[in-house]
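A.B. asks: Residue numbers for the sequence shown follow the working numbering, beginning at -13 and rising by one.
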Amino acid sequence: MVACRTDTRGHRVHLRDPTVCPTRPTGARGARWHGPSPLSVASGRMGRMSDVSLSDDDGSRAGPAPALPEFAERVLEVAERIPPGRVLTYGDIAEWLGEQGPRQVGRVMALYGGAVPWWRVVRADGVLLPGHELRALAHYRDEGTPLKEAGDRAEGHLPRLDMRRARWDGRDGGRARGHT
């Protein structure tokens, strides 16, 4: 909703009942706005995977788990299938499921991914999850996930995942080839 042109000359004012238009004006290409799109996840906070959403490395959580949306359950099931030493991108999981997209998978992982091996669901460019780089790196090294060592000019000198060798194709349950 946007502010309507009234006696306030189109400016939004902080009154008890500000006047607003029920629809957005026509865009530059002539498309009409038909209201807000439904969210892919029924509810939850937006943002990065926080330390609160992460469980202990053994997968335990305190208290009963709330019911998950169906899409979130399917994403987490795929994340649990990824073998140690292998990774899938957010887009790979969306393609595997045949629904939604990488952003929606990322949102599910941010909100609910603490109980699964979250470090195995990664960005397509192989950059480690911001804010959780050291924890993820420890898991990658323990599992033998192929890494590309960072150059001297790389920010923070953190390695990236070697996506060509680490990406799981979903067929074999084996380990990645050519571990570093």
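For each residue, glycine too, the CB sits at the ideal point set by N, CA and C.
Only a predicted model underlies this, so the values are computations on that prediction, with no experimental measurement involved.
Cα-Cα, which of L120, A152, E63, T131 is closest to M95?
C.D. replies: The residue labelled residue 95 in the question sits at position 109 within the sequence shown. For the options L120, A152, E63, T131, the alpha carbon positioned closest to that of M95 is the one of E63.
A.B. asks: Please say whether L114 and L144 have beta carbons closer to each other than 7 Å?
C.D. replies: Mapped onto the sequence shown, residue 144 falls at position 158. Mapped onto the sequence shown, residue 114 falls at position 128. Cβ distance < 7 Å, so L144 and L114 count as in contact.
A.B. asks: Here's the rule: buried if 16 or more other CB atoms are within 10 angstroms of the residue's CB, otherwise exposed. What is D148?
C.D. replies: Numbered from its first residue, the sequence shown carries residue 148 at position 162. Buried, by the Cβ-count rule.
A.B. asks: Pull up the distance between the alpha-carbon of R153 and that of L54, whole angstroms please.
C.D. replies: In the sequence shown, residue 153 corresponds to position 167, counting from 1. In the sequence shown, residue 54 corresponds to position 68, counting from 1. For R153 and L54, the distance between alpha carbons rounds to 27 Å.
A.B. asks: Name the residue from E59, V73, F57, V61 whose alpha carbon lies nearest to the alpha carbon of G156.
C.D. replies: Here residue 156 corresponds to residue number 170 of the sequence shown, with the count starting at 1. Closest by alpha carbon: V73.
A.B. asks: If you compare alpha carbons, which of P88, G117, L123 is closest to A110?
C.D. replies: As a working mapping, residue 110 is identified with position 124 in the sequence shown. Residue P88 is the option with its Cα nearest to A110.
A.B. asks: Determine which residues share a DSSP beta bridge with T75 and list them.
C.D. replies: What you label residue 75 is simply residue 89 of the sequence shown in a count that begins at 1. Beta-bridge pairing links T75 to V108.
A.B. asks: Whose C-beta lies closer than 6 Å to the C-beta of A136 among residues of the same chain, with five residues either side of it excluded?
C.D. replies: Mapped onto the sequence shown, residue 136 falls at position 150. Closer than 6 Å at the Cβ level, and outside the excluded window around A136, lie H143, L144, P145.
A.B. asks: Could you check whether P70 and E129 sit closer than 7 Å to each other, using their CB atoms as the reference points?
C.D. replies: Mapped onto the sequence shown, residue 129 falls at position 143. Mapped onto the sequence shown, residue 70 falls at position 84. Yes, they are a contact pair.
A.B. asks: Less than 7 Å separating the beta-carbons of E66 and V102?
C.D. replies: Taking the sequence shown and counting its residues from 1, the one referred to as residue 66 is at position 80. Taking the sequence shown and counting its residues from 1, the one referred to as residue 102 is at position 116. Yes.
A.B. asks: Return the chain-ordered list of same chain residues with a C-beta closer than 6 Å to the C-beta of A122, the five sequence neighbours on each side being excluded.
C.D. replies: Numbered from 1 along the sequence shown, position 136 holds the residue referred to as residue 122. Hits under 6 Å: W105, L114, L115.
A.B. asks: Between the alpha carbons of G112 and L133, how many angstroms are there, rounded?
C.D. replies: Here residue 112 refers to the residue found at position 126 of the sequence shown. Here residue 133 refers to the residue found at position 147 of the sequence shown. Answer to the nearest angstrom: the Cα atoms are 9 Å apart.
A.B. asks: Where do the N-terminal and C-terminal ends of the alpha helix (DSSP H) with L54 fall, by residue?
C.D. replies: As a working note, residue 54 is residue 68 in the sequence shown. Where L54 is concerned, there is no enclosing alpha helix (DSSP H), given that its DSSP letter is neither H nor E.
A.B. asks: Helix, strand or coil: which one does DSSP assign to R146?
C.D. replies: Position 160 of the sequence shown holds residue 146. Under the three-state reduction of DSSP, R146 is assigned to strand.
A.B. asks: I need the DSSP call for G33, collapsed to helix, strand or coil.
C.D. replies: Within the sequence shown, numbered from 1, the residue matching residue 33 stands at position 47. At G33, the pLDDT of 38 sits below 50, so the modelled position is not reliable and the matter cannot be decided from this model.
A.B. asks: Taking C-beta to C-beta, are V91 and V61 nearer than 7 Å?
C.D. replies: For this step, residue 91 is matched to residue 105 along the sequence shown. For this step, residue 61 is matched to residue 75 along the sequence shown. Going by C-beta atoms, V91 is nearer than 7 Å to V61.
A.B. asks: Please state whether DSSP places R153 in a helix, a strand or coil.
C.D. replies: Within the sequence shown, residue 153 is the residue found at index 167, counting from 1. Three-state DSSP puts R153 in a strand.
A.B. asks: Quick one: what's got a C-beta closer than 8 Å to G77's C-beta in the same chain, skipping five residues either side?
C.D. replies: Residue 77 sits at position 91 when you count from the first residue of the sequence shown. The answer, listed in chain order, is G87, P88, V91, A110.
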